[in-house]
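Below: one structure, written as C-alpha cells.
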Amino acid sequence: MIVFEHIRKEFGGRTVIDDVSLRVEEGEFFVLVGPSGSGKSTLLRMVNRLVTPDGGTVRVDGTDIATLSVEPLRRGIGYAIQSVGLFPHRTVGDNIATVPRLLGWTKAAIDERVEALLGLLHLDEPGMASRYPRTLSGGQQQRVGVARALAARPRIVLMDEPFGALDPLTRESLQVSLKAIQRETKTTILFVTHDMDEAFGLGDRVGLMLGGRLVQTGTPTELIRAPVDDVVREFVGGARARLRELALHPVAERVRPGDTCDGEPVDAAASLQDALGAMLSQGRDRLPVMRDGRRVGTIALSDMVERAP
Amino acid sequence: MSRAPLLPVLMLCAIGAIAAATLPFAHVAPNRLLSGIAQRPHPWLFAALWGALAVTAWPRAPRGLAIGCVALVIVALPWCLAHEATTWLAGARATTRVQAGAGFWTMWLAAGLLLLDRLREVGRGWQVVVWVAVTGAVGGYAVAGGFDGIAVVREFHAQHDAFVEALFTHLRLCVLTLSLALLIGAPLGLRTWRTRRGEGVLLGVLAFLQTVPSLALFALLIGPFAWIATRWPVLGAWGFGGTGAAPAVFALVLYALLPVVRYTIGGLEAVPADARDAARGLGMSRWQVLVRVQLPLGWPVLLAGLRIVAVQTIGLAAVAALIGAGGLGRFVFLGIGQGATDMVLLGTLAIIGLALLVDLLFQGVLALTERRA
C-alpha cells in the first residue's frame, strides 16, 4: 500500500507537483497517466526516494518512508524504467540477480529465481542467461528489465514508462505478460505512462495528472463515462473515449446465447473492440461467437451500443 | 587490413635513401669525449637498398615479401654497424669509439616507421609475431655481445651498476607518482563530477600548473621543501628535503593530476545515465554503484588516461635528476656536463625504451579489457 499525503515539489521555483494526495491499495495495478511534464514520473520516483518531496509525506505500508534508511527501502521495491538501464557489462542472468545479490541470497536461490523469471517473461531461449544486453532486441531488453524489477519478489513495483520505446506489437505482448504476472502475484504496481490505451488496458484504477495536479482518479470506465470536467473529457478522447471503452469489455458480456449466423467467428474472450474490427473487415453486422472451439451464440453491431435509458 | 596508401611508403624510402647518401652512418672517435670522424661506408649500396624497398611498395607485390624486406633492413642496419665497427676497431687504440651517426638513426627510424605502416595491412597476431622476431633478432645479437664495439653499448657496460640502479630509481619515481596521482586525482575527479561544481576552476588550476616549465617547478620547490625539512627534522631524517625524491615526486604528481582528474571525469561520464539511475533505484549504495557499475564501465577511459600519464611521467622524471632525485635522467645531465654524448644517448635510449615498453603494457591491458567487454 502506498499513500501520498499532500505532496508538493518544486524545481527551480516552478511547482511540478501541487498538493497531490493518493492512495494505492495493496495488490492494485495503479496507472498514473498524463502528458510529459505533468509530474507523474516525479511522483513515482518519490516512492523509492530518488526524489524527495518539498512538502507532504509518502507512506509505504503505513510507515513514513522519510524515516526509513534508503537502500533497504529501495531493495524492497521493484524499479523499471523506459530506457531499461541494464548494466551493459553484466550478463542477463547477472542483471536479473542484482537485487537478490544485494540482499545476500544464496547462489542456489538466485539461480533458481533467475531461471523462473526467464520462463515467466518468455526469455527461455537456451543460453539467454549468459548473453550480454547489447545482443538482445529492445523488447527482450525490456523483458529483462521487468524481470530485474521483479527479481526479489517485491510487494511494490514502480514502472516508469517501461514500454514507451517499444513497437506496438512488442508493447502489447509485454503488457499481456505483465498483467498476467501481476494478477498471479498480487503485486502492487504503480505504473507511469502517457499512453491512454495502455493506461486503460493495464490499470485497475487510473490517475490522470495534468500540470502537477491529480485531476481525477477512478476505474477506466469511470474516467470515460464520468469525466470531472471538460479538460479530462478531452484528454480521455472526447466522444472517441467510448471506442476505448470497447477495448475494456469482453465479447462474452454481450453475447446472445443460442443464436447462430454466418461469418468468421470471434472468441468470447476477445474485446468488443476486436469484435467491431472483425465486423468492419468482414462487412457484416453480426458475427458468431466461439468459446473453447464451440459456437456459443452471436454478437451484433447493435449490441455494442448501450441504449440510453 | 586494406592496402596502405603508397605515398608514406615512398616518402619514407626517399628519406632513407637521402640519409644513406648524405648523412654520416657512423663516427669513429679516438676517445669518448672527442668528436669523431664521419664515416659513410657503401652509401650507394644503402641508397639502392631503399630503392628496392620502394619497389616492394608496388601494390601488387606480395605482402609477405614487402614486410619481410623491411624487417630484414631493421635487423641488418645495426648488424652492419656492428660489423663495420669491428673492422674500424681492429688495430685501433682501446679508447677508440664507434658511434652510430645521424645516417644510421634516420635510416633505422625510417625503416621502423615503414614496418609500422606495412603491418597495418595484417592482423594483430602477425603484427606481434613480426615485432617479436625483429626485437628478438636485434636483442639476441646484443645479448650475444654483437654490439660491444658500439660506443653506447660500451658506455652501458662501463656504467652497468649505476645504470641498473638508475633504472630502478626511475621506475620507483614513476610508480610512486602514478599511485599518488591516482590516489589524489581519482577522488578529486569523482567529487568534482558528483557535485558538478568547481570543475572549471579545478581543471583551470591544474592546466595552469601544466604550463609551468618542469625545470622551473623543480627549482621553485627546493626552497619550500628545504624549509619544511628544517622545520620538522623528523621529515628531514627520512630523506625529505629541498632536493631528492620528495620534491621530485611532488612536482611529477602536480603534472600528472590534470590528466588523471580529466580522465576520471571522462570515465564517469562514459557510464550510461540510465544504468546509474537503475543501480540507485534498485538499492545500491553510492559505494556499490561506484564499484559495481561506474568503475567497470568507466575503467577503459581511466586506463587510457593512465597510459598517457605513465608515458608523460617517465619522460618528465628525467628532469627530476637535476634536483638529485636520480633516475635515468642522471646520465643525460652527467653526459651533457662531461660532454660525453654516449652517456646522454644511453640515458635517452633507456628512457625512450622504458616509455615504449610501458605504453605497450597499457595497450595490452586495454586490449584485454576491451575484448572482455
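Line by line, the protein sequences give chains F and P.
Everything in the first sequence is counted per numbering that gives the first Met the number 0, starting at 0 for the first residue and increasing by one.
Everything in the second sequence is counted per numbering that gives the first Met the number 0, starting at 0 for the first residue and increasing by one.
The beta carbon of each residue, even a glycine, is placed where N, CA and C say it ideally should be.
C-beta neighbour in chain P for residue 387 of chain F, strict 9 Å: An answer regarding residue 387 of chain F cannot be provided, because it is not within the stretch 0 to 308 covered by chain F.
My guess is that residue 81 of chain F and residue 160 of chain F are in contact by the Cβ rule of under 8 Å, so how many angstroms apart are they, rounded? 4 Å
Below 8 Å on the Cβ atoms is my contact criterion, and I expect residue 259 of chain P with residue 309 of chain P to pass it. Report the Cβ-Cβ distance as a whole number of Å. Wrong, their Cβ atoms sit about 11 Å apart, outside the cutoff.
At least one CB of chain F closer than 9 Å to the CB of residue 1 of chain P: is that the case? At residue 1 of chain P the pLDDT is 49, less than 50, meaning the model places this residue with poor confidence; the figure from the coordinates comes in the next sentence. It does not; no Cβ of chain F falls within 9 Å.
Only counting the same chain, and skipping five residues up and downstream in sequence, which positions put a Cβ closer than 7 Å to that of residue 207 of chain F? Contacts found: 32, 33, 214, 215, 222, 231, 234.
Apply the 10 Å Cβ neighbour rule to residue 360 of chain P and answer buried if 16 or more other Cβ atoms are within range, or exposed otherwise. exposed
Of all the residues that make up the stretch 80-113 of chain F, which are near chain P by a beta-carbon distance shorter than 8 Å? Flagged, chain order: 80, 82, 83, 84, 85, 86, 87, 88, 97, 98, 101.
Quick one: does residue 157 of chain F have its CB under 9 Å from some CB of chain P? yes
Proximity below 9 Å, CB of residue 348 of chain P to CB of residue 151 of chain P: Result yes, Cβ atoms of residue 348 of chain P and residue 151 of chain P sit closer than 9 Å.
Would you kindly check if the distance between the Cβ of residue 75 of chain P and the Cβ of residue 12 of chain P is under 9 Å? no
Per DSSP, residue 26 of chain P forms a beta bridge with which residues? P:37, P:98
Reduced DSSP secondary structure (H/G/I, E/B, other) of residue 152 of chain P: helix
Looking at chain P, is there any beta carbon in it that lies within less than 9 Å of the beta carbon of residue 71 of chain F? It does; some Cβ of chain P falls within 9 Å.
Using a C-beta to C-beta distance shorter than 9 Å, which residues of chain F count as neighbours of residue 213 of chain P? Result: empty, since nearest Cβ-Cβ is about 38 Å, beyond 9 Å.
With a threshold of 8 Å on Cβ separation, who are the neighbours of residue 64 of chain P within its own chain once the five nearest residues in sequence on each side are excluded? 55
Let me know the secondary structure DSSP gives residue 66 of chain F once reduced to three states. helix
Taking 8 Å as the threshold, find out whether the stretch 248-259 of chain P comes into contact with the stretch 274-286 of chain P through three or more Cβ pairs. no
Between which residues of its own chain and residue 122 of chain F is the CB-CB distance below 6 Å, once the five residues before and five after are set aside? 142
Assign residue 74 of chain P to one of three DSSP states: helix, strand, or coil. helix
Would you say residue 283 of chain P faces chain F, with C-beta separation under 9 Å as the test? yes
Chain A within 9 Å of residue 202 of chain F, Cβ atoms only: Included in the structure are the protein chains F and P, with no chain A among them.
Quick one: what does DSSP say residue 121 of chain P is sitting in, helix, strand or coil? coil
Opening and closing residue of the beta strand (DSSP E) in which residue 5 of chain F lies: 1-10
If contact means a Cβ-Cβ distance below 7 Å, which residues of the stretch 296-314 of chain P contact chain F? Contact residues of the stretch 296-314 of chain P toward chain F are 296 (C-beta to C-beta distance below 7 Å).
Compute the Euclidean distance between the alpha carbons of residue 251 of chain F and residue 292 of chain F, then round it to the nearest angstrom. 14 Å
Give the straight-line distance between the Cα atoms of residue 149 of chain P and residue 262 of chain P, rounded to the nearest whole angstrom. If I take the Cα positions, the gap works out to 43 Å.
From this set, P:216, P:210, P:246, which residue's C-alpha is nearest residue 224 of chain P's C-alpha? Between residue 224 of chain P and the set P:216, P:210, P:246, the nearest pair of CA atoms involves P:246.
Just to confirm the assignment: which complete alpha helix (DSSP H) runs, minimum length 4, are found wholly within the stretch 104-131 of chain F? 106-119
DSSP three-state assignment for residue 176 of chain F, whether helix, strand or coil: Of the three classes helix, strand and coil, the one that applies to residue 176 of chain F here is helix, per DSSP.
Proximal chain P residues relative to residue 49 of chain F, where beta-carbon distance stays under 8 Å: By Cβ distance, chain P contributes 276, 279, 280.
Please check the pair residue 328 of chain P and residue 318 of chain P, which I expect to be a contact at CB under 8 Å, by giving their CB distance rounded to whole angstroms. Contact flag correct, Cβ pair sits at about 6 Å.
Is the beta carbon of residue 225 of chain F less than 9 Å from the beta carbon of residue 217 of chain F? yes
On the premise that residue 117 of chain P lies in contact with residue 73 of chain P, defined as a C-beta separation below 8 Å, what is that separation, rounded to the nearest angstrom? Not confirmed; about 11 Å, so no contact.
Please give the ranges of any alpha helix (DSSP H) in the stretch 161-217 of chain F, keeping only runs that are unbroken, at least 4 residues long and fully inside the region. 167-184, 195-201
Skipping 5 residues on each side, what residues in its chain have a beta carbon closer than 8 Å to that of residue 158 of chain P? 330, 342, 345
Residue nearest to residue 278 of chain P in terms of C-alpha spacing, selected from F:229, F:194, F:77: F:77
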